[in-house]
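Since the structure comes first, as structure tokens, the remarks are kept for the end.
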Amino acid sequence: MDIGVLTVPLGGQSLDEALAYLSDLGVDAVELACGGFPGDDHLDRQAYLDDEDKQAELAALLDDYDLRVSALATHNNPLHPDDDRAAEADRELREAIRLADQLDVNTVTGFSGLPAGGPDDEVPNWITAPWPTEHADAHEYQWRVADEYWSDLAAHAGAHDVDVAIEMHPNMLVYEPRGLLELRRRTNDRIGANFDPSHLYWQGIDVTEAIRLLGEHDAIHHVHAKDTKVYESNAREKGVLDTAPYTDEADRSWLFRSIGYGHDESHWKDVVSTLRMVGYDGALSIEHEDSLTSAREGLEKAVDVLDRAVFETRPGDAYWAE
Numbered sequence: 005m006d007i008g009v010l011t012v013p014l015g016g017q018s019l020d021e022a023l024a025y026l027s028d029l030g031v032d033a034v035e036l037a038c039g040g041f042p043g044d045d046h047l048d049r050q051a052y053l054d055d056e057d058k059q060a061e062l063a064a065l066l067d068d069y070d071l072r073v074s075a076l077a078t079h080n081n082p083l084h085p086d087d088d089r090a091a092e093a094d095r096e097l098r099e100a101i102r103l104a105d106q107l108d109v110n111t112v113t114g115f116s117g118l119p120a121g122g123p124d125d126e127v128p129n130w131i132t133a134p135w136p137t138e139h140a141d142a143h144e145y146q147w148r149v150a151d152e153y154w155s156d157l158a159a160h161a162g163a164h165d166v167d168v169a170i171e172m173h174p175n176m177l178v179y180e181p182r183g184l185l186e187l188r189r190r191t192n193d194r195i196g197a198n199f200d201p202s203h204l205y206w207q208g209i210d211v212t213e214a215i216r217l218l219g220e221h222d223a224i225h226h227v228h229a230k231d232t233k234v235y236e237s238n239a240r241e242k243g244v245l246d247t248a249p250y251t252d253e254a255d256r257s258w259l260f261r262s263i264g265y266g267h268d269e270s271h272w273k274d275v276v277s278t279l280r281m282v283g284y285d286g287a288l289s290i291e292h293e294d295s296l297t298s299a300r301e302g303l304e305k306a307v308d309v310l311d312r313a314v315f316e317t318r319p320g321d322a323y324w325a326e
């Protein structure tokens, strides 16, 4: 397993500067954003697409710092009811898949997207309960929209030999493991998880059980290393469906935290061990979104914890079992 970093928090630096910094930290891999909500500070998708010279320059730069690309990231909503917004997200995703193929990167990370609740609605609608019954009807409609779109997109990914790793994210159609498996069932094995535990913690989902469930189906394509802390004093009063601003930290039921500040080191060692049990040997890509510290400090503390948790060697022979 490699320690990786999604480089978005270092967007104020050039790619060369960001890679030099991460290499000095002992990072092994980078996840490069190339569109959507994460932006494209370090990888202008359209500038690199079909340009062999620029692609060769990128490969040489990565070699200089002994880094590899674990995934390209383009998180957006290709199921948006606004046709223009949906088309933009779809174009970003399809081009990211093409670029990943050209860069010999096997994974693109993103969201499932979220449709409206019906064909005449204008705003995406996150359905979280089957009653009143029009909500159940809306949810069925959303899955029909997703089925049509993602079946075609999965075929596109398959044609380019690239996996699409979907982050299970609230306010998206796929926000938990069973929904991820349902989308995979409706499409093909190119569709899997970008396993980000931070969104699962506050939903009350057991992260290691979720790893086992998805691992049974070989459905983990990529992993984000990102923590969450639930603040029970607030959660006991208002629950975890919290609309307070992320920067109103004292009033939040939960916050995204740097690795080790939501769950201790022993938990992250358990996460790493469970990932190994199900056969995952890719990157743990640190995503920094902790509003209580700076990006650099958050990344450095996360690398410190993961460096002690991640196995650097493959398992040896179980001689004691013979």
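Per the numbering used here, numbering through the sequence shown is continuous, rising by one, with the last residue being 326. Beta carbons: idealized from backbone N, C-alpha and C, even for Gly.
Query, Result
"Straight-line gap, G121 to R89 (C-alpha atoms, nearest Å)", "17 Å"
"Other residues of its chain near V149: CB distance less than 8 Å, five sequence neighbours each side excluded", "L83 and P119"
"Anticipated Cβ contact below 8 Å, S116 with L187, distance rounded", "6 Å"
"For S277, the three-state DSSP class (helix, strand or coil)", "helix"
"Candidates D311, E291 and D210: closest to G302 by CA position", "E291"
"The segment 228-246 touching the segment 212-220, judged by at least three CB pairs closer than 8 Å", "no"
"Coil, strand or helix - T251 by DSSP", "coil"
"Selected residue, minimal CA-CA separation from L259, among D311, A91 and Y235", "Y235"
"Where the beta strand (DSSP E) containing W258 begins and where it ends", "W258 to R261"
"Any 3 or more C-beta pairs closer than 8 Å across the segment 124-136 and the segment 65-73", "no"
"Continuous beta strand (DSSP E) assignments of at least 3 residues falling wholly in the segment 63-140", "72-79 and 111-114"
"Cβ-based neighbour list, R102, same chain, cut-off 7 Å, excluding 5 preceding and 5 following", "L53 and H164"
"T113 burial status per 10 Å Cβ neighbour count (16 or more: buried)", "buried"
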